[in-house]
Amino acid sequence: MISASEAAPANSELTTAFSWLLLPQIFFYGMGALLGAILNSKQVFGPFAWAPVLNNIVVLATLAVYALIPGEISINPITMGEPKLLVLA
13 MISASEAAPA
23 NSELTTAFSW
33 LLLPQIFFYG
43 MGALLGAILN
53 SKQVFGPFAW
63 APVLNNIVVL
73 ATLAVYALIP
83 GEISINPITM
93 GEPKLLVLA
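Given below as structure tokens:
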């Protein structure tokens with residue numbers, strides 16, 4: 013178990029940047045739930061059932077773009093580079 017003193021310090025600037033980039037996602041989750049409820053009330057199940065398929069296609073496209081952007085593939089955000097961070101966000 014890693015104690016708090018041994019853990020790496022939090023990068024508050026990166027956390028804030030990712031938070032601002034992910035705010036639209038929260039909005040679209042809410043809109044998706046609302047539209048899904050409307051479709052369910054009208055007995056239309058097809059479009060909402062295909063949403064996970066579309067999500068998987070978007071994730072695969074994002075991974076492909078991430079791999080094609082020049083720069084080091086790393087989990088360290090400092091060595092990763094700004095374009096790769098923006099693709100992930």
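Numbered according to my numbering, the sequence shown terminates at residue 101, and the numbering increases by one at each position without gaps. Cβ atoms here follow ideal geometry from the backbone N, Cα and C, with glycine treated the same way.
Member of the options whose CA lies at the smallest distance from the CA of residue i
i: Phe-40; options: Glu-94, Ala-63, Ile-85, Ala-73; result: Ala-63
Rounded Cβ spacing between residue i and residue j (contact assumed at less than 8 Å)
i: Tyr-60; j: Leu-46; result: Note that residue 60 corresponds to Phe in the displayed sequence, not to Tyr. Contact doesn't hold; Cβ gap of about 11 Å is too wide.
i: Leu-100; j: Tyr-78; result: 7 Å
Residue i, DSSP secondary structure in three states
i: Ile-85; result: coil
i: Phe-40; result: helix
i: Gly-93; result: coil
i: Asn-68; result: helix
i: Ala-22; result: coil
i: Phe-57; result: coil
i: Ala-73; result: helix
i: Ala-101; result: coil
Neighbourhood of residue i by C-beta, 8 Å cutoff - its chain only, sequence neighbours within 5 removed
i: Thr-27; result: none
Test: residue i CB closer than 7 Å to a CB of chain D
i: Ala-79; result: No chain D appears in this structure, which consists of one protein chain only.
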